[in-house]
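Following: one structure in structure tokens, then a few remarks.
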Ligand code: FES
Ligand SMILES: [Fe+2]
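In full-length UniProt numbering, the protein residues as written are 1 to 406.
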């Protein structure tokens, strides 16, 4: 982690320590009303897929999910089939998961493969996306193999995460979009962690499923049987471009790196783990939350739009900093199932309840309180991004120096 990143983290930790003493959070100037239609409208849903998911860099996987050369992962995001491959040179590339003959998907799920042979007519591609062989080449006819490689999507790794832009011609400026958040997340050194488990949970509109991740207001109420009724319902939000970070204004009954360990130490002794406290939100659809249960466990939640406006999938990925041992395994397993219950049996059923009411058309607005500053900012950013007419516009938007105020 750079010196600059550490300085930023220390500044935030210092601020958060004061707030834990004073129990004061930053409040939004007003309550925000948002049209319920944004969770329901098919036109809005299509616009979000096109203007958000197909224009912005998305965190699609942890680097350690593709740890070995020739490992791959296929996924579909906002209607785009994507194939992530780590080549023999250890570089990750992202391709449209689509054979250049007639579009069949080359791989499903994840695994390890140096060649991808199309299941339809048998064309073969290398892990670097080159067309290697055309089936029955003599009778097929002459083919310029050099021009029929897989369609490449802009991709890079930083902070142990794999980022992909689903627009092959994107001119988005990555550093402006990231607002330095990846440099801060470098502190976790996630590239050294390992994949422990992964699951997919169905939910309602992707924003209903995702915005609960920026919402601590509901913690002691909806999660009274899991996190318990004594957890704080207040978050202090810190902003890094469109991304944000939430500090909980109490300790968490489920152990996390916290600031309590710093109180009697000099700032130069503050551990990186403690400095990275809280929940991290990567705009527009990813949250990262580190827990301690036998091992340090990173819970990565990606919320992706489903087939229809009222459906989404939450992909929960669990990484451990070290391989669980015989002694720690049971605790890791319990945390993984706990997070599954919290989201799968509490948050996502709630999102479906909300969806039914909003889809009825009888509730035209939803509200975000002054205590929900991060949610207000999030919805503000969404509108700004949707309104941007080009990558140049987006670049201007993301290079604004100060956080956007609602
Ligand atoms: S679609 Fe792939 S070989 Fe025909
Ligand atoms: Fe929740």
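Note that beta-carbon positions come from the ideal geometry of N, C-alpha and C, so glycine has one too.
Excluding the 5 residues preceding and the 5 following residue 406 in the sequence, name in chain order all residues of the same chain whose CB lies nearer than 7 Å to its CB. Residue numbering aside, residue 406 sits at position 406 when the chain shown is read from its first letter. In this prediction, residue 406 has a pLDDT of 42, which is less than 50 and means its spatial position is unreliable; what the coordinates show is noted afterwards. Same-chain partners within the cutoff: 28, 32, 376, 377, 380.
Residue 120: beta carbon under 6 Å from a heavy atom of ligand 1? Here residue 120 is taken as the residue at index 120 of the chain shown, counted from 1. Checking the Cβ of residue 120 against ligand 1 gives yes.
Could you give the DSSP three-state label for residue 226: helix, strand or coil? Counting from one through the chain shown, the residue named residue 226 turns up at place 226. Residue 226 falls in the coil class under three-state DSSP.
Nearest candidate by alpha-carbon position, reference residue 246, set 38, 237, 203, 193: Along the chain shown, one-based indexing puts residue 246 at 246. For residue 246, the nearest C-alpha among the options comes from 237.
Which of helix, strand or coil does DSSP assign to residue 107? Translated into positions along the chain shown, residue 107 becomes position 107. Coil at residue 107, not helix or strand.
Would you call residue 47 buried or exposed, if buried means 16 or more other Cβ atoms sit within 10 Å of its Cβ? Position 47 of the chain shown, counting from 1, holds the residue named residue 47. Counting Cβ neighbours within 10 Å, residue 47 comes out exposed, since fewer than 16 surround it.
So what does residue 217 bridge to, in DSSP terms? Counting from one through the chain shown, the residue named residue 217 turns up at place 217. BP columns for residue 217 are empty, so no partner.
Exposed or buried, residue 63, counting other C-beta atoms within 10 Å across all chains shown (16 or more means buried)? For this step, residue 63 is matched to residue 63 along the chain shown. The Cβ neighbour count for residue 63, taken over all protein chains shown within 10 Å, is at least 16; the residue is labelled buried.
Pairwise C-alpha distance: residue 7 and residue 312: As a position in the chain shown, residue 312 is number 312, starting the count at 1. As a position in the chain shown, residue 7 is number 7, starting the count at 1. Cα to Cα, residue 312 sits roughly 38 Å from residue 7.
Residue 115 versus residue 59 - alpha carbon distance: Translated into the one-based positions of the chain shown, residue 115 becomes position 115. Translated into the one-based positions of the chain shown, residue 59 becomes position 59. Using only the alpha carbons, I get a separation of about 25 Å.
N- and C-terminal bounds of the beta strand (DSSP E) containing residue 32: The residue given as residue 32 occupies position 32 in the chain shown. 32–35 is the extent of the beta strand (DSSP E) around residue 32.
Residue 73, DSSP secondary structure in three states: Walking along the chain shown from the start, residue 73 turns up at place 73. Three-state DSSP puts residue 73 in a strand.
Chain-ordered residues, beta carbon under 5 Å from a heavy atom of ligand 2: 212, 347
Please determine whether the Cβ atom of residue 102 lies at a distance below 6 Å from any heavy atom of ligand 1. Position 102 of the chain shown, counted from the start, is the residue given in the question as residue 102. True, at least one ligand heavy atom lies under 6 Å from that Cβ.
How close, in whole Å, do the beta carbons of residue 49 and residue 87 come, if the pair is a contact with beta carbons under 8 Å? In the chain shown, residue 49 corresponds to position 49, counting from 1. In the chain shown, residue 87 corresponds to position 87, counting from 1. Incorrect: roughly 29 Å between the Cβ atoms, too far for contact.
Could you tell me the alpha carbon to alpha carbon distance between residue 411 and residue 210, rounded to whole angstroms? Shown here, the chain extends from 1 to 406; a query on residue 411 therefore has no answer.
For the region 18–26 against the region 345–357, do three or more pairs of beta-carbon atoms, one drawn from each stretch, fall closer than 8 Å, so that the two count as touching? no
How should residue 323 be labelled, buried or exposed, when 16 other C-beta atoms within 10 angstroms of its C-beta is the threshold for buried? Here residue 323 refers to the residue found at position 323 when the chain shown is read from its first residue. Residue 323 is exposed by the Cβ-count criterion.
According to DSSP, simplified to helix, strand and coil, what is residue 120? Taking the first residue of the chain shown as position 1, residue 120 is located at position 120. Correct three-state label for residue 120: coil.
Round the Cβ separation of residue 386 and residue 52 to the nearest angstrom and send it over; I've been treating them as touching at under 8 Å. Start at 1 with the first residue of the chain shown, and residue 386 comes out as number 386. Start at 1 with the first residue of the chain shown, and residue 52 comes out as number 52. Confirmed, about 7 Å.
Among 151, 42, 223, 57, the one whose alpha carbon lies nearest that of residue 161: Translated into positions along the chain shown, residue 161 becomes position 161. Taking only the C-alpha atoms, the option nearest residue 161 is 57.
Cβ shell of residue 131 (< 7 Å), same chain only, five flanking positions each side left out: The residue you call residue 131 lines up with position 131 of the chain shown. These residues qualify, in order along the chain: 100, 123, 125, 145, 148, 149.
Taking 6 Å as the limit between beta carbons, can you name the residues of its chain near residue 128, skipping five residues before and five after? Within the chain shown, the letter at position 128 stands for residue 128. Excluding positions up to five away in sequence, the list reads 87.
Can the beta-carbon of residue 113 be found closer than 7 Å to that of residue 70? The residue you call residue 113 lines up with position 113 of the chain shown. The residue you call residue 70 lines up with position 70 of the chain shown. It is a contact, given that the beta carbons lie within the stated cut-off.
Alpha carbon to alpha carbon, how far is residue 242 from residue 394? Give it in angstroms, no decimals. Sequence index remark: in the chain shown, residue 394 carries index 394 (1-based). Sequence index remark: in the chain shown, residue 242 carries index 242 (1-based). One C-alpha to the other measures close to 11 Å.
When DSSP builds the beta bridges, which residues end up paired with residue 286? By one-based count along the chain shown, residue 286 stands at place 286. 282, 302.
Three-state secondary structure (DSSP) of residue 155: For the purposes of this step, residue 155 is identified with residue 155 of the chain shown, where counting begins at 1. DSSP places residue 155 in strand when its eight states are reduced to three.
Taking the alpha-carbon of residue 107 as reference, which of 135, 77, 73, 138 has the nearest alpha-carbon? Counting from one through the chain shown, the residue named residue 107 turns up at place 107. For the residues 135, 77, 73, 138, the minimum Cα distance to residue 107 belongs to 73.
Just to confirm, are residue 276 and residue 187 a CB contact at a threshold of 7 Å? One-based indexing of the chain shown puts residue 276 at position 276. One-based indexing of the chain shown puts residue 187 at position 187. By the CB criterion at 7 Å, residue 276 and residue 187 fall inside the cutoff.
Burial state of residue 310, where buried means 16 or more other Cβ atoms lie within 10 Å: Within the chain shown, the letter at position 310 stands for residue 310. It is buried - the Cβ of residue 310 has at least 16 other Cβ atoms within 10 Å.
Measure the C-alpha to C-alpha separation of residue 208 and residue 140 and round it to an integer number of angstroms. Here residue 208 is taken as the residue at index 208 of the chain shown, counted from 1. Here residue 140 is taken as the residue at index 140 of the chain shown, counted from 1. Going by the C-alpha atoms only, they are around 49 Å apart.
Need the endpoints of the alpha helix (DSSP H) that residue 177 sits in, please. As a first step, residue 177 must be located in the chain shown, where it is residue number 177. Residues 174–178.
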